[in-house]
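Residue numbers (this note's numbering), protein chains in the order written: chain W, 2 to 118; chain F, 2 to 118; chain P, 2 to 118; chain C, 2 to 118.
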């Protein structure tokens, strides 16, 4: 039998929504080292619009981005998780959730880092 | 001070990821009454690929879809939340989370319906 | 019977690709008056990465954006065509195509404004 | 000095819009061999809604999809151009444009195959 969610559980749900939104809204965007900063800034400000979203920090990882572009003999590539470091703070009714996405064993992993009481 | 997340909290985070992914991957897709069923089926099967996602049910709400198309004097419109009813079951390490998105007061609301122990 | 495309026809095809990319990559992005400028800048720089794309100018139309947000009693909304003015210059093998998207009769219309010889 | 576009040029512009739309709407979608058919069907029907679009044929290329999933030790991956074969017919005011996207030298290439008079 399921129970109604607690406030911290809803806070984690809200945090997940922001991560899924961020990833699937912007994955596929054409990106190069020159355009990486404006994209990171836009992602941060776009997702911070969403409810309960205190702050979003996005960094485009320049080394793997340059490698992927060089390997393809291209000038740009498409944004995907391995080019991103993201951290986010959600505050839902006073419960603060810290989350991040970073590379682990070669794959981007979204995780909850901490939940306040 | 933040604590490590509990299993039910991570399960809710995973549920949120799926909702954000679903919404921001498919919002904006050209949709008409004739193409609604294939889109709903594709959304279900695409999101069910994601980790810990037991089942996804998507229904395109035909009445508001037809109204929006008629009001615009068009043949199709772009998918957005008010044309969708979604329910989803996440199972993360044995913790089952039921979630849904439906219209409330004129806006699509994503919510956690229940969390198992 | 179909013929091989001419250079100006391919230039117009390339211009269309950029418009479809721009629209469907960024439609659905959470946007508010405060985040409109960073989003416009990111769209410009992202699409300028694409081949044969000389320049992209994006302006978020603040009046309809503010009206939509106020009408919804919200703090932000989702990006869609009626909040955007876009102009773009494509140069394909010396053939320059100027294109734009703007509101016409209440709908966003993408069009070719001129093709050089 | 630029000239007004001809009907075949506008037809090619319209064809480009559909390709950019298709790619950037659906790139990033979670996809596996089991969900490939429903996704291909939804893409076809969604893009066929757009103006002047006579037909869209999408095939997910199963061999590279299976290889990418196996190489990642995963159950699914994200849709990108190298998993897609697409052909499309646009009819704009009687001018028929045939276009396709397929792999060339390791990269997905969108091209105009023929333009009718």
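Glycine is no exception: its CB is placed at the ideal position from the N, C-alpha and C atoms.
Going by DSSP, name the residue or residues bridged to residue 31/F.
79/F
Quick check on the DSSP output: what are the complete beta strand (DSSP E) runs of length 3 or more inside the segment 58 to 110 of chain W, in order along the chain?
85 to 93 and 96 to 105
For a test of the three-state rule: what should DSSP assign to residue 51/C, helix, strand or coil?
coil
Per the DSSP calculation, residue 17/F is bridged to which residue(s)?
Residue 17/F is not bridged to any residue.
Give me the chain F residues within the contact set of residue 56/C, using Cβ-Cβ distance strictly less than 7 angstroms, ordered along the chain.
Chain F residues near residue 56/C: none, gap ~13 angstroms exceeds 7 angstroms.
Just to make sure I have the definition right: I need the residues of chain W whose C-beta is within less than 7 angstroms of the C-beta of residue 24/F. Which are they?
22
Excluding sequence positions up to five away, which residues of its chain have a Cβ less than 6 angstroms from the Cβ of residue 99/P?
90, 114 and 115
Which of the three DSSP states is assigned to residue 117/F in this structure?
strand
If you draw a straight line from the C-alpha of residue 9/C to the C-alpha of residue 37/C, how long is it?
34 angstroms
Taking 7 angstroms as the CB-CB limit, is residue 49/F close to chain W?
no
Cut-off 8 angstroms between Cβ atoms - residues of its own chain near residue 52/F, not counting five sequence neighbours on either side:
15
When Cβ atoms are compared, which residues of the segment 101 to 112 of chain F fall closer than 7 angstroms to chain W?
111
Compare the C-alpha of residue 5/C against each of 97/P, 54/P, 107/P and 110/P and name the closest.
97/P
For residue 63/W, does the count of other Cβ atoms within 10 angstroms reach 16, so buried, or fall short, so exposed?
exposed
To which residues does DSSP link residue 36/P through a beta bridge?
Partner(s): none; residue 36/P has no beta bridge.
Does the beta carbon of residue 68/P come closer than 7 angstroms to any beta carbon on chain C?
no
Exposure label - residue 79/W; buried when at least 16 CB within 10 Å:
buried
Alpha-carbon spacing of residue 70/C relative to residue 19/C, whole angstroms
28 angstroms
Could you pull the DSSP bridge partners for residue 3/F from this structure?
117/W
Minimum C-alpha distance to residue 76/P - residue among 28/P, 33/P and 27/P:
33/P
Let me know if residue 110/C comes out buried or exposed under the rule of 16 or more other beta-carbons within 10 Å of its beta-carbon.
exposed
Beta-carbon neighbours of residue 29/F, restricted to chain P and to distances below 7 angstroms
25, 28 and 29
Quick one: which chain F residues come within Cβ less than 9 angstroms of residue 43/W?
Under the 9 angstroms cutoff, chain F gives no residues; its nearest Cβ is about 14 angstroms from residue 43/W.
Can you name the residues of chain C whose CB is closer than 8 angstroms to the CB of residue 17/P?
13, 14, 15, 16, 17, 18, 19, 20 and 21
Residue-chain proximity (residue 40/W, chain P), Cβ-Cβ < 7 angstroms:
yes
Which listed residue (59/C, 50/C, 49/C and 55/C) has its alpha carbon closest to that of residue 40/C:
59/C
Quick check: what's the CA-CA separation for residue 49/P versus residue 107/C?
23 angstroms
Selection of the segment 61 to 86 of chain C by Cβ proximity to chain F, strictly under 7 angstroms
76 and 77
Counting only beta-carbon atoms, is residue 52/F nearer than 7 angstroms to chain W?
no
Quick one: residues in its chain with C-beta nearer than 8 angstroms to the C-beta of residue 67/W, no 5 flanking neighbours on either side, listed in chain order?
34
So what does residue 56/C bridge to, in DSSP terms?
90/C
Using a Cβ-Cβ cutoff of less than 7 angstroms, which residues in the same chain neighbour residue 65/P once the five nearest sequence positions on both sides are dropped?
83 and 84
Considering only DSSP beta bridges, list what residue 112/P is partnered with.
101/P
For residue 61/P, which residues of its own chain have a beta-carbon under 6 angstroms away from its beta-carbon, when the five flanking residues on both sides are left out?
37, 41 and 84
With a 10 Å radius around its C-beta and 16 neighbouring C-beta atoms as the bar for buried, classify residue 46/C as buried or exposed.
buried
Whole-Å CB distance - residue 101/W paired with residue 88/W, under 8 angstroms assumed:
4 angstroms
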